[in-house]
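Here the structure is laid out as structure tokens; the discussion comes afterwards.
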Amino acid sequence: MRIATYNVEWFTGLFDEHNRLFNDDGWSDRHGVTRAQQTQALGAVFRALDADAVMIIEAPDDGRKHQTVIALQAFAAHFNLRTRAAIMGFANDTQQEIALLYDPDKLTVSHVPGGVPTGPEGATGAPRFDGVLRIDLDVDASEDLVVFSKPPLELNVQTNSGFAFHMIGAHLKSKAPHGAKNDADVMRLGIANRRKQLAQAIWLRGRIDEQLAHGTALMVMGDLNDGPGLDTFEDLFGRSSVEIVMGHRGENELTDPHAMRALSQRIGAVPTTSRFWIAQEKRYLQALLDYIMVSPAFLQRNANWRIWHPMDDPDCWHDTALRDALITASDHFPVTIEFDD
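The numbering of the sequence shown is numbering that gives the first Met the number 0, which starts it at 0 and goes up by one.
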């Protein structure tokens with residue numbers, strides 16, 4: 000069984016208002032890449048992955064102009080992919096949904112959100128992900144209200160062999176200080192955004208603890224937009240979102256070998272899953288942002304991870320067509336896990 004997580008940069012821009020692929024020479028939302036080029040590159044990547052399911056981060060939006068499930072199924076049909084069924088959870092207003100594209104001949108999948116629904120007043124603990132969390136972010140004895148801009152997707156999954164597990168797809172909010180006008184604004188917004196992201200990580204970890212307490216086989220995957228040593232605020236708050244979600248060095252710890260390797264060292268090479276152009280520095284920045292964290296049930300089934308990085312993975316590098324497709328398709332690269340089902 001092969002499961003993937005893949006952040007597809009502005010997937011929604013490849014579809015018209017009827018959920019059909021443009022697949023033309025118009026510009027995509029990726030700099031210097033046409034819609035046809037990005038579409039064909041994505042088709043090549045999905046075919047090469049040959050996954051039984053792909054958790055798509057930044058899936059086409061679900062709203063007035065697009066329907067996520069219909070768009071993804073149209074994409075799968077266009078490239079004759081066996082992952083031809085799609086499912087999503089709570090829609091959001093960021094034009095970047097979280098959805099699963101999967102092979103219905105191999106998997107049975109259902110959306111099963113956990114936690115209690117909340118009103119605008121929120122709730123403590125781990126309420127439903129489309130609700131509001133009450134939590135004190137700055138130790139001022141006053142609770143703050145936190146929401147997910149992209150509510151995580153919770154699914155029950157069962158393979159044909161009968162292996163059942165819970166899957167959570169997540170995309171935590173970026174810490175970029177948008178709207179900053181000066182250095183003081185950058186610091187203020189950066190700290191505020193980091194607090195919110197850590198609150199989301201704590202919220203997600205609360206659901207993880209609930210599932211593990213019931214002995215559930217669990218897979219948590221997606222773009223956590225964070226990692227050890229990624230920014231200067233980590234020293235201020237002590238832990239990254241990755242450590243909170245994974246349960247680093249604590250009870251009920253999830254496993255992701257790439258995250259564990261990064262957390263074990265402060266200096267030296269670490270795995271990376273994304274590549275961004277830094278205009279002011281005229282160079283690319285690479286970062287470990289995408290993860291697949293699992294409970295022990297998957298380790299017992301011989302779990303094996305792979306980052307499909309076109310410059311780091313030898314098979315991707317030597318396959319020129321795949322290498323070019325991975326670079327053209329998105330600023331993130333897929334991560335896969337294989338296990339005995």
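For each residue, glycine too, the CB sits at the ideal point set by N, CA and C.
- Looking at the backbone, the Cα of Pro-150 and that of Val-131 are separated by about 11 Å.
- Per the Cβ contact rule, the stretch 318-331 is not in contact with the stretch 235-254 (fewer than 3 Cβ pairs under 8 Å).
- Membership of Thr-319 in the alpha helix (DSSP H) is indicated by the continuous run 319-328.
- Looking at the backbone, the Cα of Pro-313 and that of Asp-24 are separated by about 32 Å.
- Taken through DSSP and simplified to helix, strand or coil, Asn-303 comes out as strand.
- Out of Gly-221, Ser-109 and Asp-339, the CA that lies nearest to the CA of Gln-299 is found in Asp-339.
- Between Lys-105 and Asp-49, the C-beta gap is not smaller than 8 Å, which leaves the two residues out of contact.
- Annotated as distal: Ile-56 and Thr-93, with beta-carbon spacing of 8 Å or more.
- In this structure, Gln-196 lies near Ser-240, with their beta-carbon atoms less than 8 Å apart.
- Contact between Gly-113 and Arg-127 holds, with the beta-carbon distance rounding to 7 Å and staying under 8 Å.
- Rounded to whole angstroms, the gap between the alpha carbons of Val-293 and Leu-287 is 17 Å.
- By the neighbour-count criterion, in which a residue is buried when 16 or more other Cβ atoms sit within 10 angstroms of its Cβ, Trp-276 is exposed.
- With contact defined as three or more Cβ pairs closer than 8 Å, the stretch 257-270 and the stretch 36-49 are not in contact.
- When DSSP assignments are scanned along the stretch 40-125, the uninterrupted stretches of beta strand (DSSP E) that are 3 or more residues long and fall wholly within it turn out to be 52-58, 84-87, 96-101 and 106-110.
- Bounds of the beta strand (DSSP E) holding Val-145 are 143-145.
- Going by C-alpha positions, Gln-37 is about 10 Å away from Gly-31.
- About 5 Å separates the beta carbons of Ile-2 and Ile-336, which is inside the 8 Å limit, making them a contact pair.
- Here Leu-211 is not near Asn-155, since their CB atoms are 8 Å or more apart.
- The beta carbons of Leu-152 and Gly-214 sit no closer together than 8 Å.
- Bridge partners of Ile-167 according to DSSP: Glu-153 and Val-219.
- In the assembly as shown, Leu-284 is an exposed residue. Its beta-carbon has fewer than 16 other beta-carbons within 10 Å.
- When C-alpha distances from Asn-159 are compared across Met-166, Thr-107 and Asp-184, the shortest belongs to Thr-107.
- With fewer than 16 other beta carbons inside 10 angstroms of its own, Arg-63 counts as exposed.
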